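In the working numbering, the protein residues as written are 16 to 188. Yeah, the Cβ is synthetic: ideal placement off N, Cα and C, and Gly gets one too. Quick caveat: nothing in here was measured; it's all calculated off a predicted structure.
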C-alpha cells in the first residue's frame, strides 16, 4: 500500500502566512471602499447645499425686484446717501436664511438694448430708467454654505422733476 506523504512542517507555516496576508489585503480594500463611500456622500451633500444656497439667493433677488416699494426705498437711500435697505426672504420648509440688498446705481433718460438707445415718452410725460444692482445672499444652516448672487436690473418709471437727479450716484456732488 502506498504511503501518504505529509507536508513538511515548514510548508504548513508558509500557507498560514499567505492566508493571513490575503486576509489583510482584503480587509484593507474593504476599509478603503468604506472611506471612499463616505467621502462621496459628503461631496454629494455639499453639492446639494451649494445648489440650495444658489437657488435661495436667486429667489431673494427676484423677490426684491418684484417689490417696487422696496426698490423705491433703495432709490431714496441712494439719493440721500443713507444705508441700502435689505429685505429678508423666508423660505418655507428648508429654513434657509436669505436676504437681498438693492443698491440704486443711476437714473438715465434712455437705455441701450440690442445696440440701440431708446427713451420713453408717453402723452408728453417723461419716463426714466432706474438702474439697480441687487445682491442676494443665502445661507444653509448647519452646513457652512453661503452663496451670493448679483444681478443688475432697470425699472422704468416716471422721470424726476429735478434734472440734476439723472446720472450715477457715485458721480453726484
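Other residues of its chain near residue i: CB distance less than 6 Å, five sequence neighbours each side excluded
i: residue 174; result: 141, 142 and 143
i: residue 98; result: none
i: residue 168; result: 80 and 147
Coarse secondary structure for residue i, derived from DSSP in three states
i: residue 96; result: coil
i: residue 109; result: coil
i: residue 55; result: helix
i: residue 157; result: coil
i: residue 77; result: helix
Neighbourhood of residue i by C-beta distance below 8 Å, restricted to the same chain and skipping five residues each side
i: residue 68; result: 111, 153, 154, 155, 160, 161 and 162
i: residue 190; result: Outside the shown range of the chain, which is 16 to 188, sits residue 190, and nothing can be said about it.
Bounding residues of the beta strand (DSSP E) (the contiguous stretch that carries residue i)
i: residue 173; result: 160-173
i: residue 190; result: Since the first residue of the chain shown is 16 and the last is 188, residue 190 is not available in this structure.
Nearest neighbour of residue i, chosen from the options [CA to CA]
i: residue 204; options: 39, 71, 37 and 46; result: Given that the chain is displayed from residue 16 to residue 188, the structure contains no residue 204 and the question cannot be resolved.
i: residue 113; options: 77, 54 and 121; result: 77
i: residue 177; options: 49, 124 and 149; result: 124
i: residue 103; options: 92, 94, 79 and 95; result: 79
Cβ shell of residue i (< 7 Å), same chain only, five flanking positions each side left out
i: residue 73; result: 151 and 164
Contact test: residue i Cβ vs the ligand FMN heavy atom, cutoff 7 Å
i: residue 42; result: For the ligand FMN, the structure offers nothing, since it holds no ligand at all.
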